[in-house]
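Colleague: So that we are looking at the same thing, I have put the structure below in structure tokens.
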Amino acid sequence: MKSEYKIWRRLIVAVSLISMLATASAHATAETLRILVVADSVVMESKFDLLRQAGDAVEVQVMRSGAVDAENLAQAMSQANWVFADAPREQQGSPITATLQEAAQLLATPPPTIVVGRATGSWSGVEDAVGDRLWRYFRHAGTLNMELLVASLRALEWGEDPFLVEAPRALPAQGAYHPAFSDLVSDTPAIVLAATAHPESRGRVGIGFHPSFIESNELAHVDALVAALAERRISAVPLFYSMGTDLDLVSLTADLDLDVLIHLSPVYHLGLRDQLEQLDIPVLQGIGWSEGSAEHFRQSPTGLSLTSTPIYLALPEQAGLIDPVVLFARGQGRVEVIPEQVRLVADKAAAYVELRRAELADKRLAVMVYNYPPGERNVAASFLNVPRSLAVLSDGLAAEGFATAKRDEEFWIQSVGQVMRGLHQPQDLFKALDAEVARLPLDATWSGTGNFPQRPANALKPAGVCHKAVPTSATEHFTFPSCKWATLWFCRSLRAEHRARIMNALCIMTCAFR
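The sequence shown lines up with residues 4 to 517 when you count with the numbering used here.
Next up, the structure:
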């Protein structure tokens, strides 16, 4: 499939317009083409940057649908040659259309209007064939389509045949992209992988993202992940797809043999759950910071807000995604890569690749349970016998080939109980079980991995994370009282109120301990 984004796109536009040159010469000094866009809040501003850059004397005004009323919209429409309503989310289409109709009734002669949904479009003031063509230019967007759209609008303004302009280039509903692939995109991911695989690849990582990033030519975050994975000798397979009911990740990835998938879209429902279970690989949740710039994210004392918890933490976890981490900022309507976060996730993906390909006997497993209700002797969970569950788990792991041994319920009562007592009497635990206390220096967390240029001013102290610093140590540490048997570790779970705040630190610790 030929891509709309090939380097010769401007030459293609020129060839498409050659039959119009004779009459176009009469318009050597073109009047300004004024385009009004009424856009849903999720559409990135960079998409309209492509429209602004698509031709000379093009003026684009963007009004966001959530902050516009009929009167203000009518005023803007009265000064526009063309109106496009960008409403990719189905539930937003009706309100935008209703406001447009109300505004049009306030005008004696409203301009031609194209309502652009992802699946369908509607229009007024133009013939059906023309409206359908304009909708497809805008719907699939990208640099070439926006240039062709402006050329078509110019032709219509000059009373010429818009069908002399090249037809819209459709982007596949799903497929693969890679900056090193000759056509950039293909609806067959295996072809892209074959052409771009790392020559010394030690694994394959998929990068899942919404096709709107291709339509807006905003791929800096995807390209940064591709480059970071390549530095770790891992082949990246960027996959674009929408989160609709027709998504089939199992078929899309069938011929790729992925070790890990990094999913960069919010999860609004649990429809992915069955598909992720069939993939049977780690799926990491990558997040776009929508509250401001990259620097705003770095200075944030808490990270994700409580209102972001459902779609970035709760629903992804219920669907089977893990390790949610902010990778880029999009709060200004354009993608801004956060390099240290990209490196962090690339390190995690590399660790998962190594883990997936390791022998069971070489793997280490950590088990966390709650000390609830709080107390020196409580190892409990609702309707669950924790020591017996650990005994069953150790039996099962040994049977599967992990380098551990069967341990009965009494062993876990004594061992885990000793750890729980140590949480309340840490100095005694450290003296008695010094070899079984996992420690990670706090400064090493921030600087030793190279993921952060400096330790953030608001970095949590060990006392606020899991336990007090090691009493005999001169440096601050994250401390994990634990009991260890072969490759099976037990340690107490972190308190719930700390989880979101230390999410990035936990990711770094995972890499440090791998």
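Beta carbons: idealized from backbone N, C-alpha and C, even for Gly.
Since the model is a prediction, treat every value here as computed from it, not as a measurement.
1) Measuring CB to CB, does I38 end up less than 8 angstroms from A83?
2) What did DSSP end up calling Y140 once you bin it into helix, strand or coil?
3) Can you grab the Cα-Cα spacing for the pair L152 / P342, in whole Å?
4) Residues in its own chain within less than 8 angstroms of L259 by CB, not counting five upstream and five downstream?
5) V345 and L267 - do their beta-carbons sit closer together than 8 angstroms?
6) Taking the alpha carbon of T112 as the point to measure from, which residue in S125, A90, V86 and A101 has its own alpha carbon closest?
7) Hey, how far is the Cα of F124 from the Cα of V118?
8) Tell me which residues share the same chain as L252 and place their Cβ nearer than 6 angstroms to its Cβ, disregarding the 5 neighbours each side in the sequence.
9) According to the neighbour-count rule (16 or more other Cβ atoms, all chains shown, within 10 Å of its Cβ), is E203 buried or exposed?
10) To the nearest whole angstrom, what separates the beta carbons of A352 and L232, a pair I think is in contact under 8 angstroms?
11) Return yes when the Cβ of L53 is within less than 8 angstroms of the Cβ of A144, no when it is not.
12) Using the three-state DSSP reduction, which class does Y355 fall into: helix, strand or coil?
13) Could you name each continuous beta strand (DSSP E) segment of 3 residues or more that falls completely within the region 194 to 226, going from the start of the chain to the end?
14) Anyone know if the C-beta pair for Q136 and P114 falls short of 8 angstroms?
15) Anyone know if the C-beta pair for V63 and V40 falls short of 8 angstroms?
16) Given 8 angstroms as the limit, is there contact between the region 363 to 370 and the region 326 to 335, that is, 3 or more CB pairs closer than that?
17) Going by alpha carbons, who is nearest to E169 out of S155, E34, A179 and A176?
18) One question on the structure: do V263 and V356 come within less than 8 angstroms of each other, judged by their Cβ atoms?
19) Within 8 angstroms, do at least three Cβ pairs link the region 285 to 302 to the region 381 to 395?
20) Just the Cα atoms here: how many angstroms apart are R495 and R424?
21) Would the beta-carbon of R67 fall within 8 angstroms of that of S49?
22) May I ask which residues mark the beginning and end of the beta strand (DSSP E) holding Q64?
23) Apart from the five residues just before and just after D326, which ones in its own chain have a Cβ nearer than 7 angstroms to its Cβ?
24) DSSP three-state label for M371, please.
25) Do A122 and D89 count as a contact pair if the criterion is CB distance below 8 angstroms?
26) A60 and L110 look like a contact to me (Cβ under 8 angstroms); what is the Cβ gap, rounded to whole Å?
27) What residue from L261, T248, R142 and Q281 has the CA that sits closest to I237's CA?
28) Hey, I1 and L174: beta-carbon distance below 8 angstroms or not?
29) Anyone know if the C-beta pair for G178 and D190 falls short of 8 angstroms?
30) Got a sec? Which residues, its chain only, sit under 7 angstroms from V340 by beta carbon, not counting five neighbours each side?
31) Going by DSSP, what residue range makes up the alpha helix (DSSP H) through T146?
32) State the DSSP-derived secondary structure class of A326, mapped to helix, strand or coil.
33) Could you have a look at F184 and say whether DSSP puts it in helix, strand or coil?
34) Which residues does DSSP pair with F331 in a beta bridge?
35) Taking DSSP as the reference, what is the three-state secondary structure of S127?
36) With a CB to CB cut of under 7 angstroms and the five nearest residues on each side skipped, what residues in its chain are close to S81?
Modeller: The short version:
1) yes
2) helix
3) 35 angstroms
4) P192, A193, L196, R207, G209 and V240
5) no
6) V86
7) Residue identity check: residue 124 is Gly in the sequence provided, not Phe. Cα-Cα distance, rounded: 6 angstroms.
8) Q278
9) exposed
10) 7 angstroms
11) yes
12) helix
13) 207 to 212
14) Note on residue identity: the sequence assigns Arg, not Gln, to residue 136. It is not a contact, given that the beta carbons lie outside the stated cut-off.
15) yes
16) no
17) S155
18) yes
19) no
20) Interpretation of R495 is limited by its pLDDT of 48, a score under 50 that renders its predicted location unreliable; the figure taken from the coordinates is listed afterwards. Straight-line Cα distance between these residues: approximately 11 angstroms.
21) no
22) V61 to R67
23) L287, Q288, K351 and C510
24) strand
25) no
26) About 24 angstroms; that fails the 8 angstroms criterion.
27) L261
28) Because the chain in this structure spans residues 4 to 517, residue 1 falls outside the shown range and cannot be described.
29) yes
30) A223, H224, A227 and F331
31) G145 to E160
32) Looking at the sequence shown, residue 326 is not Ala but Asp. Looking at D326 - three-state DSSP - the assignment turns out to be strand.
33) coil
34) G291 and V340
35) strand
36) L110
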